[in-house]
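**Student:**
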Ligand SMILES: Cc1cc2nc3c(=O)[nH]c(=O)nc-3n(C[C@H](O)[C@H](O)[C@H](O)COP(=O)(O)OP(=O)(O)OC[C@H]3O[C@@H](n4cnc5c(N)ncnc54)[C@H](O)[C@@H]3O)c2cc1C
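Numbering (this note's numbering), first residue to last: 411 to 794.
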């Protein structure tokens, strides 16, 4: 590989953020190289899961609510054009406990942003979803038009579409760039050199490894385990539309109905231990397995004996607050960081790609919450 300035932008990382960034840049007529070490949405990438929730609710946080709205439109448009049914409109049900203030804030924001939702008290929830135990739950809000993206396949399809738009895909691991001022070139692990005008590092949990001095202490990759419980034969109560996707933030658990016959998905949203995305074990721990099983037994009594039919171990790539990191490198003027999805980034891929494209091509006004300056070295999660 010895491309000398024939590209305008190199995007490094073909997860959801890099893929959408490359796609938007190509739509705007830019010559883009998409460089990826392991493959689009591979098993170790945060975008490599089968499914990711797309919901509009973010408490009082209007920024992410609006980005979710814009992103869902773009995802749906892309899937329609590709004739790929990779969005399941399962509905997303927010559950609130005794202190339901977050639920109230979510409802107020949804109303302001004109997102359709329905409200339920406990008795209404029990009547509508008799297969669920609503112990400790006071009320719920259903976003009927939100749901689940088939994540890994959506990214793979997006990369294919980007290639049709002229993006060149390069299988390459980029080494830590050196120098200051303008970055002239990057070097791959195979010793090849690559020059271009702008470099976008959309490296997910690897950002801290590629830029240890600037980001080593600002990106916190944490271990996250996901479980799929097998549904009793012929029982349709755990598939959509009977069961929506749901989140109960007080317990930090969330789950999805049985989609494409993979079983009921359940995961704990609390941050696990700090991990290295290259080497962490992808085998679930007995402790988290028991925790997931206990939770399933409590919320879905009919699944008490359900076997675990599949598991996944992934990592969140958290920033201190949970806000994305989309900013220039402080010492390299043509180098961009794009990441910090923090366990909620997948849905926003289209809006992220559009924003990065705007920042690079149109000098779009930066959003302060995405700045490097706002990212601390200790975690204090504020976005849920
Ligand atoms: C268990 C789990 C559940 C989640 N649930 C949701 C959800 O329900 N809804 C939601 O919206 N979000 C969710 N998320 C978050 C979401 O998946 C991530 O925020 C998003 O996928 C991040 O995408 P990314 O492109 O930044 O990173 P990644 O997908 O990790 O992609 C980064 C890519 O960069 C490549 N790379 C890194 N370094 C180099 C290098 N030096 N050279 C070349 N390539 C390199 C990597 O190989 C990788 O492919 C969840 C995450 C996890 C782990």
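For each residue, glycine too, the CB sits at the ideal point set by N, CA and C.
Count the other CB atoms within 10 Å of the CB of residue 692; is the residue buried (16 or more) or exposed (fewer)?
**Tutor:** exposed
**Student:** For a quick check, are the C-beta atoms of residue 434 and residue 763 less than 9 Å apart?
**Tutor:** Cβ atoms of residue 434 and residue 763: closer than 9 Å.
**Student:** Identify whether residue 719 lies in helix, strand or coil by the three-state DSSP scheme.
**Tutor:** strand
**Student:** Does the beta carbon of residue 464 fall short of 8 Å from some heavy atom of ligand 1?
**Tutor:** yes
**Student:** May I ask you to check if the CB of residue 503 is nearer than 8 Å to at least one heavy atom of ligand 1?
**Tutor:** no
**Student:** Let's see if you can read the secondary structure: which residues bound the alpha helix (DSSP H) around residue 477?
**Tutor:** Going by DSSP, residue 477 is part of the alpha helix (DSSP H) stretching over 472 to 492.
**Student:** Per DSSP, which one or two residues make a beta bridge with residue 579?
**Tutor:** 444
**Student:** Taking 8 Å as the cut-off, is the C-beta of residue 448 nearer than that to any heavy atom in ligand 1?
**Tutor:** yes
**Student:** May I ask you to report which of helix, strand or coil DSSP gives residue 501?
**Tutor:** coil
**Student:** Within 8 Å: the Cβ of residue 523 and any heavy atom of ligand 1?
**Tutor:** no
**Student:** On the CB-based measure, 16 or more other CB atoms within 10 Å of its CB, does residue 725 come out buried or exposed?
**Tutor:** buried
**Student:** For a test of your reading of the model: does the CB of residue 548 fall under 8 Å from any non-hydrogen atom of ligand 1? Yes or no.
**Tutor:** no
**Student:** Extract the residue ranges of the alpha helix (DSSP H) inside the region 610 to 690, only unbroken runs of 4 or more that lie entirely within it.
**Tutor:** With a minimum length of 4 residues, the continuous alpha helix (DSSP H) runs that stay inside the region 610 to 690 are 617 to 620, 622 to 625.
**Student:** Determine, using beta-carbon pairs with one atom in the region 680 to 696 and one in the region 718 to 736, whether at least three such pairs fall under 8 Å.
**Tutor:** Enough Cβ pairs lie closer than 8 Å, so yes.
**Student:** In whole angstroms, give me the CA-to-CA distance for residue 473 and residue 467.
**Tutor:** 11 Å
**Student:** When the Cβ atoms of the region 494 to 504 are set against those of the region 545 to 557, are three or more pairs found closer than 8 Å?
**Tutor:** yes
**Student:** List the DSSP bridge partners of residue 747.
**Tutor:** Its beta-bridge partners are 611, 737.
**Student:** Should residue 722 be listed as close to ligand 1, given that the test is whether its C-beta is under 8 Å from any heavy atom?
**Tutor:** yes
**Student:** One question on the structure: do residue 561 and residue 432 come within less than 9 Å of each other, judged by their Cβ atoms?
**Tutor:** no
**Student:** At the level of alpha carbons, what is the spacing between residue 481 and residue 759?
**Tutor:** 7 Å
**Student:** For residue 478, tell me which candidate among 464, 741, 451, 487 has the shortest Cα-Cα distance.
**Tutor:** 464
**Student:** Select from 525, 564, 650, 454 the residue whose C-alpha is nearest the C-alpha of residue 539.
**Tutor:** Nearest Cα to residue 539 within the set 525, 564, 650, 454: 650.
**Student:** Tell me whether residue 461 is buried or exposed, calling it buried when 16 or more other Cβ atoms sit within 10 Å of its Cβ.
**Tutor:** buried
**Student:** Residues in the same chain with beta-carbon distance under 8 Å from residue 528, minus the five sequence neighbours each way, listed in chain order, please.
**Tutor:** 551, 552, 554
**Student:** Excluding five sequence neighbours on each side, which residues of the same chain lie with their C-beta closer than 8 Å to the C-beta of residue 629?
**Tutor:** 615, 617, 618, 727, 728, 729, 735, 749, 750
**Student:** Just list the residues that DSSP pairs residue 536 with in beta bridges.
**Tutor:** Answer is none; residue 536 lacks a bridge partner.
**Student:** Under 8 Å: does the beta carbon of residue 725 sit that close to some heavy atom of ligand 2?
**Tutor:** Summarising the ligand content, the structure contains ligand 1 and does not contain ligand 2.
**Student:** Cβ atoms of residue 422 and residue 596: under 9 Å apart, would you say?
**Tutor:** yes
**Student:** If the criterion is Cβ atoms closer than 9 Å, does the pair residue 437 and residue 506 meet it?
**Tutor:** no
**Student:** Anyone know if the C-beta pair for residue 672 and residue 719 falls short of 9 Å?
**Tutor:** yes
**Student:** Consult DSSP for residue 425 and reduce its assignment to one of helix, strand or coil.
**Tutor:** coil
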